[in-house]
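This report concerns only the one structure given below.
2 protein chains.
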Amino acid sequence: MTSPGRRLTQQDIARIAGVSQTTVSLVLNNRTDAEVRIAPETRERVLRVIRETGYVADPIARRLAERRNRILGVFTYEAVFPTASADFYHPFLLGIEECAEEMGCDLLLFTSARAAGERRRIFNEDSRVRLADGCVLLGRAVDRDDLARLLAEGIPFVSIGRRDDAGAPVPYVGADYSPAVRALVDRASGLGHRRLAYVGTGAGAESPADRMRGFREAVAAVGAEGSHVPVTGRTPEEILGELSATGVTAAFVEEPADAVAIMHAAGERGLTIPGDLSILALGAPTRPVRVDVDLTGFRIPRQEMGRRAVELLAEVLEGGGGTPQELLACELVEGSTLAPARSRPQ
Amino acid sequence: MTSPGRRLTQQDIARIAGVSQTTVSLVLNNRTDAEVRIAPETRERVLRVIRETGYVADPIARRLAERRNRILGVFTYEAVFPTASADFYHPFLLGIEECAEEMGCDLLLFTSARAAGERRRIFNEDSRVRLADGCVLLGRAVDRDDLARLLAEGIPFVSIGRRDDAGAPVPYVGADYSPAVRALVDRASGLGHRRLAYVGTGAGAESPADRMRGFREAVAAVGAEGSHVPVTGRTPEEILGELSATGVTAAFVEEPADAVAIMHAAGERGLTIPGDLSILALGAPTRPVRVDVDLTGFRIPRQEMGRRAVELLAEVLEGGGGTPQELLACELVEGSTLAPARSRPQ
DNA sequence: TCAAGGTGCTAATACGAATTATCACAGGCG
DNA sequence: CGCCTGTGATAATTCGTATTAGCACCTTGA
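Chains A and B, in that order, are what the protein sequence lines are.
The first sequence begins at 156 in the working numbering and counts up one residue at a time.
The second sequence begins at 156 in the working numbering and counts up one residue at a time.
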């Protein structure tokens, strides 16, 4: 059943070949430096024994001798697999996995970091963050204190999603929301929309703040009228009501799930989209939702962000020294929920 | 600001707490043997330093010295996250994650196991399978040689999905397809269906073979007529054509994605489901597909299988000695694609 | 004949945690 | 005073591989 006796070691090979363990190691690693010389016939003898015995180096010991795991940690505030957020996280993880695979690294999911019933924390009682060589942080909102501590303790990490400074600059790869929102506003403006609204929180974390900033700047630049319609604690009907009441013709909705809900509400009211109201979706749904229309908006390059995060982490681990910060462009999505503003009696 | 160069070791903790590395190790492992005595206040001091520094034992070193590190490996032949198979793997991973969490284990995804451009192999140049205490194998088809080698080297593992012997019995937890398919055949037979077809490969791996076997046995038992309609390289229209031509009234479709495609083809031909043709789906879709009908068939207990695999792996690690092999029952799904056979002119 | 230089290999050690074998120091007793 | 016992901690060693420093031997050249 189990392999007979002990696992073969370099020591065993050395004994059989009549050389030292060092020599075996040198031959195995094919070291041909000027410093190290092995007679061809000795090398051949060692190789023969290795071939005959089928010896394979123990990866554990090998990694102990190097100083790294080749393990990358992935920390998410929300659970990785459970269904609610799976759709949102999935593309990031896809990119992370791809890149880790290419780099020959394994991924460690910190699935155990959950304080009972509580929100996850990076530093809980027995945090295993240090278990990996470095880690990738995933999550829309990241605890500021956690970030500060990661920085202070010099733990190599890269955040997916832009983060404000937390005592020091945070390494991140984010989506470049501002210009993307600006481009949408330009489009809407070009189609005659003059009363625009930002529908969403527009604050609370960096990414909504970035979108809101892009919105404000663009509205100012094109000389349109921009309002902010909050969503928390309100029904789609109420939101739609406010949009209609204030004569908004183009709604820039932070969360696509809200956009879908508002569209349904509009349908029930007899309003047509985009005939009566244009809807622009600012990103990807973070809540599970059945999207049955082609929302105009932009695509967050999630997979690319995942990939890039791992690449940057690798650089950090190589001792690059700097604090990488990158924003990746979002690609505009044509969709069918933006139309020319209907000329209407003022 | 810690120097980001090195990672924290027990030696560091020892220095800070003013004790020896041995003491730190003893405290960490909560050794309270009669042989080992640590003064409560010393223990507390060490624990405090550990808490403050967030020290975590290096799993590699641990695994080298001991033979456990509380890390469970998850090996998949296909990538874990990519979209094509995500929906299929997700429930398994969910179960695995849940159970691992309860056991206080972390999960290590072997994402690095790919030889450039090739299919993943468990044993590549420096296989990291041994990095974890044991591992769970996931994948519809598993390489026979890999299994044999895992067995030969005595690496603890449990396969999700039944596997044929590979030199020796393979530990697994699988879905009990045969009886599930048999139950569906019984149902169809009870509703008057006499010409049944198995639509799918019915071979190539254990799970299709099990379904096919269940189908054949059941058909024989109820004295119906059963045929095999292959799918590889054929369009849904062609398949549907063969079903019609041979007078099949109930199609047992291995892959739900195919079932959906066949239903669409039927719709275009003016055939009604289940009026003209009953469709039975044998499991869960392994390809992404929009399932807009309630397929009659059975549910593979994927989450439970994931959980159970981890539990069995734990038993194996405890040194249970045996080779656990379990099949979990599939739950029948009523659905709406099975109806009484239309009495039709022979 | 002995220093200089080249060649081929090995002893020693590091890596980080776990374990075994001791060791230092009380206090109690005869 | 010397012996014993219990307590609390540590030095030394182990796991298997990689690396560094250096040793022993041989050839040259003066």
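Backbone N, C-alpha and C define an ideal beta-carbon position, used for all residues, glycine too.
Keep in mind it's a predicted model, so treat the numbers as computed, not measured.
Interface flag, residue i vs chain A, CB-CB below 8 angstroms
i	result
residue 341 of chain B	no
residue 234 of chain B	yes
residue 211 of chain B	yes
residue 472 of chain B	no
residue 319 of chain B	no
residue 497 of chain B	no
residue 219 of chain B	yes
residue 266 of chain B	yes
Close Cβ partners of residue i (< 6 angstroms) along its chain, the five nearest in sequence each way excluded
i	result
residue 465 of chain A	251, 254 and 255
residue 229 of chain A	262, 264 and 291
residue 442 of chain B	412
residue 457 of chain B	246 and 247
residue 347 of chain A	495 and 496
residue 200 of chain A	172
residue 204 of chain B	168, 171 and 172
Sequence-distant residues of its chain with Cβ nearer than 8 angstroms to residue i (five each side left out)
i	result
residue 195 of chain B	none
residue 306 of chain B	321, 322, 323 and 325
residue 386 of chain A	354, 355, 356, 394, 409, 410 and 413
residue 165 of chain B	176, 179, 180, 183, 210 and 212
residue 462 of chain A	250, 251, 253 and 254
residue 308 of chain A	none
residue 333 of chain A	365, 366, 368, 369 and 372
Below-8 angstroms beta-carbon distance, residue i vs any chain B residue
i	result
residue 285 of chain A	yes
residue 243 of chain A	no
residue 214 of chain A	yes
residue 191 of chain A	no
residue 308 of chain A	yes
residue 454 of chain A	no
residue 346 of chain A	no
residue 226 of chain A	yes
residue 203 of chain A	no
residue 302 of chain A	no
residue 249 of chain A	yes
residue 270 of chain A	Only weak support exists for where residue 270 of chain A lies, its pLDDT of 45 falling under 50; the value from the coordinates is given anyway. It does not: the Cβ of residue 270 of chain A has no partner Cβ on chain B nearer than 8 angstroms.
Whether residue i touches residue j by CB criterion (8 angstroms)
i	j	result
residue 181 of chain A	residue 191 of chain A	yes
residue 168 of chain B	residue 179 of chain B	yes
residue 493 of chain A	residue 429 of chain A	yes
residue 366 of chain A	residue 381 of chain A	no
residue 451 of chain B	residue 435 of chain B	yes
residue 311 of chain B	residue 468 of chain B	yes
residue 299 of chain B	residue 259 of chain B	no
residue 447 of chain A	residue 491 of chain A	no
residue 460 of chain B	residue 328 of chain B	yes
residue 301 of chain A	residue 361 of chain A	no
residue 349 of chain A	residue 379 of chain A	yes
residue 358 of chain B	residue 391 of chain B	no
residue 215 of chain B	residue 218 of chain A	yes
residue 174 of chain A	residue 208 of chain A	no
residue 227 of chain A	residue 289 of chain A	yes
Spatial neighbours of residue i in its chain, beta-carbon cut-off 7 angstroms, leaving aside the 5 residues before and after
i	result
residue 331 of chain A	482, 483, 484 and 485
residue 398 of chain A	352, 384, 406 and 432
residue 377 of chain A	340, 341 and 344
residue 338 of chain A	487
residue 283 of chain A	265
residue 454 of chain B	485, 486 and 488
Anything in the stretch 427-438 of chain B with a Cβ closer than 8 angstroms to a Cβ of chain A? List those residues in chain order, please. none
Would you list, in chain order, the members of the stretch 162-184 of chain B that have their beta-carbon closer than 9 angstroms to a beta-carbon of chain A? 162 and 163
Does the stretch 396-407 of chain B come into contact with the stretch 350-369 of chain B, if we say contact requires no fewer than three beta-carbon pairs (one atom in each stretch) closer than 8 angstroms? yes
Closer than 9 angstroms between beta carbons: that is the criterion. Which residues of the stretch 251-264 of chain A meet it against chain B? 251, 252, 253, 255, 256, 257, 258, 259, 260, 261, 262, 263 and 264
Positions along the stretch 368-391 of chain B whose CB lies within less than 9 angstroms of some CB in chain A: none
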